[in-house]
Each structure stands twice: as C-alpha cells, then as structure tokens.
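So the structure is just underneath, and the comments pick up after that.
In the numbering used here, the protein residues as written are 426 to 1351.
Shown next as structure tokens:
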C-alpha cells in the first residue's frame, strides 16, 4: 500500500482525502471514532498537497531535521508523529494507557479526523501513536455531536484496603460500567462493592442507579470515587446521604480548566481545513493554554457563587460579563434583596423593567445552591430586545455587551420617574469644585440608580481653542475608562546557548526581537547577548521530544512561525566550515515500570541534544567519537579528576580547551587517538548508521566510522546509567525553557513593561482632537481643532477599566496582545484625581476581570473572579469553573478589569481580604 501511495501526486492525495472527508462528515453519528493528529504534521501535509496552487515560497518551516530548504518543491511529509501530543510522564501507567497533555488546543496542537480519513493517511504514511476518540451527544438537548477528546479521569479509592487506581472512562458510560471496571481492577465481585461519589474524600452520594450515566450523575474530571468493600458492618452505607449526586445542600462540581472540551471538537464544515473560521466551539478550550494544573472544585457544603453558565452558541462573551457583574458584591446584595420597588416601568429609554427582572432572576440562580450550570436563555432574549445587535449566535465584544447591559439596567432601575430639563452652565471662571458639584447634582437629578451609585464616576474635560485660547471646562459622568494600549512591535524570546567545544555550561538568554522579524534578527540579537567570538557563529535548532526537530539555517524564516511554547537551542560552532557534518549527541535514560521496580521500559530520550561539527575530510574512528563526546560533556563533570579531562565547569576557558581540541584533531589523524582514550573512561555510546542500526562505540577503538552520504547529521546515543550520572551533573541539559512562558507574571512584566499606570497616563494626556471631531468654539464661532485634556475628578466604588485591545479600520481589524502589568492590590489613583481638596486615598483592589483569547471574531472569553468571602480566585469558563492561584490572574489576555475601592477604615489596602459591601453610596466628591 505504501508503494502505491508514493505514486500519487500531491493533488491526487488531496482529492482523495477531500472526497473521503466530505462523505464521512455527512454520515457522522454517536459512537463513531475520530482520530487526533498533530497540527504540525497536518499543516505540513496541507502545504505539500497545496504547493501547486498556493505558489508560496517555502520559508523553511517544514524542513526536516537538518539543512535549509532551497528547492521550490516541498518534500513529501515523513511518517505521522503524534509524540508531541503525548504526556510521557504518565503514559507508562498501565491503567490509563497513553495520556495526552492536559493543555492541548484543537486547531492549534491537533485536529480531529474521521476514521476513514485517518485510515487512508495512515496507510500512506504510517507512524503514530494512534489516538482514537469517540463521538458523543452534548448540549442542552443532547443532540449536538462532539468528540470526547478527554474522557473522565477518575481516582478510585478501595476501602478499607486503601489501594488506589486511576482510570479513564467516557462521561457517557453508565454507573454500571464504572462498577464493572472497578471490580475488574480490584479483582472483586459486584455483590462485594458499593460505589460512592467521594468528592473531597467525603461520601456524598451512593451511586447505585446502574443505568444512569456519569454525566447525569455530575461526575467531573479528576474526581475521587470510593469503592467500598461491603461486609456486615458497612452494608447499607454510612450516614444520611442522597443517591446519585443529588445532595441537596450541594452546589456546582466544577471541572478543572484542562478538561473543558465538551464542545471543543464539535463537527463543522471547516473540520478539515486550516480552522480559521469563527466557530466559537472550536475555541472554547483556549484557556487551557494557561495550564492551571489545578483539580476541580465543588461547592458542596461550602459557599455559593460557583455556578457556571451554559454556552448557548458563541455566548462566552455574555457569560464572562455576567459573571463579573454577578460577583460584584454591591450588585449581589441588591438583586438578592427586594429591588422591585425601584423598577422604572415608565422610562421610555428602558425596557419596562424586564431586563432588570431577567438579570435579577439570573443572579439569584447563580448564587443559589445547586450543582447544575444555568442556561441564560431568558436573559439573552430580554437583552436582545433591548440591544438587537446581540441577538442570534454570533460572537460579540464582551465590553460592548457590558456597556449596553449597565446602561439598560440603569434605565430599568432609574429612581427618577420624570426627568427634569436642566441647562448646563459654563464654568465662567468659577472654582472647579463648585462647577463639578453642580454638574454632578444635575446628573443625579436625571440619573439615580444602583448602577450610578456603584459604577459611575466623573471626569473633568478641558478644551482650549488654538486660535483665541478660549477655555471650556465641563464635568461629565463615566461608567468605565477605556485605556489605550501601545501596540507591541517587539517580542521576547528565550534561547539556550550551548558550546560544542566543552568550554562552558549551557546558558539561557532572553532577548528582544522584532515581532515580525526573521531568524537573522534572532541570531543577531542572540550573538550580541552571548558575546559571540568573531570566529564563531550560531546554529539555531528547534527541540521537540528531546530530539532536534529541525535546524533553522534559513535566515529568512519568519519568527512568527516559532510559537511561544516551542523550545529553541543555539549551538556555537566555527564560522568557517567546509565539508562538515554535525554530530548530534542524544541523551537517553532507562525508564522504570510503575508496577514492578525490577521492570524496565527501555532507553528513552531525555534532556537536550548536544551538537559538534565533524570534518568529512578526516578519517573518523570510534575512539575519535569517544573523545569528541568527552569534550562536549566535560563542563558537566562533577568535581573530581577523570583522566585527561579534569574537573570541569563554567569557568573552563576557550584557551584551556584548545589543548583538548588539538588532542581530538591529532586523534583523527591517527596520532595516538586510541592510546589517549585509554586514560578516559569509555562512555556507553551507540552510533546510528545508514541502515538505522546501532553500533557500539565502546569496542573497536580504531575502527573507522562510515559517515552517511545522504544525511548531514551523525546520530550518537549516550545512555546514562545511574553510575554514570554519579560522574556528571546532567541537570544543565534538562528543563529546556520555552521560547516564552505564559502565565508567569514576573516574566511577562519583564517582556512587555507596559503598566496600567502608563495606559492611564496616556488616556489623561493632552492631545488635539481629530479633524473629524472638531470643537465649535463659542468665542470664535468656528469649528476648531482644539486640544483636549481629561482628568479624573470623582471615582466610583467599582471602577471598570477597558483595555482597548481591538482596533478597526476600513480594511482590517487588529488585536493587540500586549501584556499589561496591572496591580491586583494597592491600585493607587490618589495622585491621578484632579480634585485636590480631597484628603481621602483612592486605593483599589482587583476582584474580577474578563479575558479574551485568540483573534478577532473567533476568540474565546473567560472570567477570573475572586470570591471575597473565601479570598480565593476562580476561572469561570462558561459552565466550567476551576480554582487558580493569584499569580495566574495576570496574563496578556486581560481585557476588562473590575476594581473595588478599599475602605481604609475597615481593611488594609494590601491584605487582599477586603470584602466590605457598601451599596447605595453616591460616589463621593473625593
């Protein structure tokens, strides 16, 4: 079959797969099997089969392990390699089988192929591992099809014996099947066993309805299950409990962030394309890039407020905004009390109170005990009547929804039933304090609601005519601040530099390069940082699975093709190389089985490969290879003499190393190479020859090594036994850093030093009006391009800050991914308030924020919210909720920030525990 496949042209391969895919998708049903395939391989295949149509120039992104691509014809992809999807740290667990990384994102890390498509590709290319997944029913009506990429991972606890075992099982399997699997694992008979929902190691429900699915029983990812062996003493259970998860005092069992895949993978027409459509279902799991690594949490027996919202189809923008408002303590208290007497049914600008009633009803549901997520369908219908642009199932801007919602709630709850007409007076030289109070009183006379009490502030606007110098001062209310961001033109990248001559230990460098730059820019910046010698150059490589995936030798490769979670190395090599191949030293260690300490799983790659150039003009013997490897490893030698190579560390100089280099050169010429090796301990090296056979380099010192004529690389394995690890410190080649690590604020702050204060200062900076928005000067009687200056005058109890990430023009839309370093505690605005008569400090604390991941129109929204009663942060991702650490709150995805004023009389500004609720307070003039 493989021989036939090689005869197909790229166009024939593409047409064959397209025909199979269209037929398969039309017939997809529950129970069908789909297969994961790595996005990298799939993209290479798409470029291969589309090369004739696209006419694109290869930038080297699909190059193989070595060499730059100079031909205009792309090579046929090698075998399918799904190894980058596999979590090798847990795959050896026989109970779980092959485990995927918890943070994979469909469309970014993998795509899903129907069985027929996979079978055809597999027959042509081979490879693996094979990763099948089943199609299940999801959604409110259980009629939507989705692929269960991550089945439930459950922890089984056998009592009273105390044994434990982890299993994977579909959430659509029955309790009966879980019962059977547990009996099989622990070698028990069904009559011996009772199974309990054992969340937080407490018996919550006896699971005895064998026909009920685990989904219906609300069993969540990484949940504990108690397998209790029944005897005469325990039969019948312990304590008063409800059955099958219906504990009345319980609330939501929220799934961890890494398992949010119920709609990811839902089938669409774009399933087999490059996946750049606007389907929100394809992006609902984007928050998994953050890799919280936290287990699920339930509110059974704990405080309320951890209830999720079902996604009704691209409604993540609405869900995230609702959760932030619902968890604003002033609103939570107001809408849980009797607010009906404040509903304004006569306001022509409102909705006869319907929007406020719908929001209040939804808020009460979200704060009520209960484990099931809430479907916000009635609220969405009311919102669409007030703002028709939010009807349907299209993706929208969460900040725009928030603005409409706050305005609509204000009009429905406006305590002013008949708005008086008030004509504003100009300042005319009066004190600012007097004019500001007058403007605020006029505003309150027409607008008085809980929304105004909590969210509205006031800023001073100063306009100066450029011709007559007429100064106009007004004081206007605001509901939120929209702060500009400076677009990031640079990008920070971390690369680890290795020497090939053993002169120094590897060192990681973080450098700044143009965001749209090329590899030559990266190499130039890296050369400056690592103080590269004039006779040296850098060989850039991408590491994947502890192997060199490709050398980035083409200087024109775009840096945008290098992802933030890739791993890059750079090897210092001589600048002038003629007829040279590169020795790649691959590190391996013996993997131990988990069940039996005596069992081994063979030698597996680990660490980071080392590289050294070898001249093809010289005769290379096995002892030469030994000497070269000794030299490469010499910096990692522990402090003791080891023959000719003495104690080595980062202080070894290049000049000192020159002697070792000359020794290797002499050995290559046959000048006593084997005798010199006798003073060195032979390393367990194996060389991979042209036929992929391993040659033992510990014997036959003088035997000549035949170099492959077809490959630029010479692969050599070094097998690290425990004894050998006692002589070398290999920690220096482990834990290769990512190009850019997301989620760690300290690194982000270093990479993109843009603070929230800087954004605020840009917002308050004086600047001329744009020509389309010129001001009519009452003194000149002409429209003038006046200068405008904004100042904060009166701050609200809750300050909402919108980071202007999205920009629009007639030809394009653009999103800024700039990281903004915003404070969580002690956001001090005292010096930014223009009213200097106030002695009150303006200190704010973050309690919620809306995140946006992905591009414009096709991204995904989530919310980070702090439950003030618990002093703990949670990630709200539609119906899924998971705890997060405070340091995970900051990211480049932050879009809308919610701050509460800290009451200095009640709490410290920095203790992070302040939860005092003060409602119905008109913002003070401070």
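Don't be surprised by glycine CBs; every beta carbon is placed ideally from N, CA and C. Being a predicted model, the structure only gives us computed values, none of them experimental.
Residue i classed as buried or exposed, judged by whether at least 16 other C-beta atoms fall within 10 angstroms
i, result
"residue 648", "buried"
"residue 1304", "buried"
"residue 812", "buried"
"residue 1269", "buried"
"residue 1064", "exposed"
"residue 1117", "exposed"
"residue 445", "buried"
"residue 864", "buried"
"residue 753", "buried"
"residue 911", "exposed"
"residue 921", "buried"
"residue 438", "buried"
"residue 1382", "Residue 1382 is absent from the structure shown; the chain starts at 426 and stops at 1351."
"residue 630", "buried"
"residue 814", "exposed"
Collapsed DSSP secondary structure at residue i in the structure displayed
i, result
"residue 1183", "helix"
"residue 1149", "helix"
"residue 1130", "coil"
"residue 441", "helix"
"residue 1009", "strand"
"residue 1244", "coil"
"residue 899", "strand"
"residue 626", "helix"
"residue 1228", "strand"
"residue 1029", "strand"
"residue 1099", "Confidence in residue 1099 is poor, its pLDDT being 48 and thus under 50, which makes the residue's placement too unreliable to answer from."
"residue 765", "helix"
"residue 504", "coil"
"residue 736", "coil"
"residue 773", "coil"
"residue 1035", "strand"
Whether residue i touches residue j by CB criterion (7 Å)
i, j, result
"residue 619", "residue 742", "no"
"residue 460", "residue 557", "yes"
"residue 1041", "residue 1000", "no"
"residue 1352", "residue 1273", "The shown model of the chain, from 426 to 1351, leaves out residue 1352, and the question about it has no answer."
"residue 876", "residue 834", "yes"
"residue 968", "residue 1033", "yes"
"residue 787", "residue 804", "yes"
"residue 820", "residue 872", "no"
"residue 776", "residue 837", "yes"
"residue 883", "residue 1219", "yes"
"residue 1245", "residue 1271", "no"
"residue 1050", "residue 1037", "no"
"residue 510", "residue 535", "yes"
"residue 544", "residue 573", "no"
"residue 866", "residue 860", "no"
"residue 1013", "residue 1142", "yes"
"residue 617", "residue 650", "no"
"residue 844", "residue 771", "no"
"residue 927", "residue 1046", "no"
Distance cut-off 6 Å: residue i Cβ against heavy atoms of the ligand ADP
i, result
"residue 934", "Here there are no bound small molecules, and the ligand ADP is not part of this structure."
Pick out the complete beta strand (DSSP E) segments inside the segment 507-581, 3 residues or longer, and give them in chain order. Those beta strand (DSSP E) runs which fall completely within the segment 507-581 and span 3+ residues are 535-539, 557-563, 569-572.
Does the segment 1207-1227 come close enough to the segment 905-912 that 3 or more CB-CB pairs lie under 8 Å? In short, these stretches touch, since the Cβ pair count reaches three.
State whether the segment 969-986 contacts the segment 934-946, with contact taken as three or more CB pairs (one from each stretch) at a distance under 8 Å. Contact holds: three or more Cβ-Cβ distances are below 8 Å.
As an exercise, report each continuous beta strand (DSSP E) stretch of at least 3 residues that is fully enclosed by the segment 1270-1294, in chain order. Considered as a whole, the segment 1270-1294 harbours 1285-1292 as its complete beta strand (DSSP E) runs of no fewer than 3 residues, in chain order.
Taking three-plus beta-carbon pairs below 8 Å as touching, is the segment 760-776 in contact with the segment 1274-1290? Counting C-beta pairs closer than 8 Å gives fewer than three between the segment 760-776 and the segment 1274-1290, which falls short of the contact rule.
Indicate whether the contact test is met: 3 or more Cβ pairs, each with one atom in the segment 463-475 and one in the segment 578-594, closer than 8 Å. No: the two stretches stay apart, fewer than three of their Cβ pairs being nearer than 8 Å.
Closer than 8 Å is the cut-off here; do at least three beta carbon pairs connect the segment 981-997 with the segment 957-968? Yes, they touch.
How about the segment 1209-1218 and the segment 1183-1192: do they share at least three Cβ pairs that are nearer than 8 Å? The segment 1209-1218 makes contact with the segment 1183-1192; the number of CB pairs closer than 8 Å reaches 3 or more.
Using a Cβ distance threshold of 8 Å, determine whether the segment 915-926 contacts the segment 1154-1166, with at least three qualifying pairs required. The segment 915-926 vs the segment 1154-1166: in contact.
Taking only runs that begin and end inside the segment 594-658, name each unbroken beta strand (DSSP E) of 3 or more residues, in chain order. The beta strand (DSSP E) runs of length 3 or more contained entirely in the segment 594-658 are, from start to end of the chain, 618-622, 649-654.
For the segment 965-991, list the beta strand (DSSP E) runs that are entirely contained and at least 3 residues long, ordered along the chain. Restricted to the segment 965-991, the beta strand (DSSP E) segments that are unbroken, complete and at least 3 residues in length are 972-976, listed in chain order.
Give, in chain order, every unbroken run of the alpha helix (DSSP H) that is at least 4 residues long and sits entirely within the segment 857-900. DSSP runs (the alpha helix (DSSP H)) wholly in the segment 857-900: 857-871, 875-880.
Give a yes or no on contact between the segment 1106-1125 and the segment 956-963, applying the rule of three or more CB pairs nearer than 8 Å. Short answer: they don't touch.
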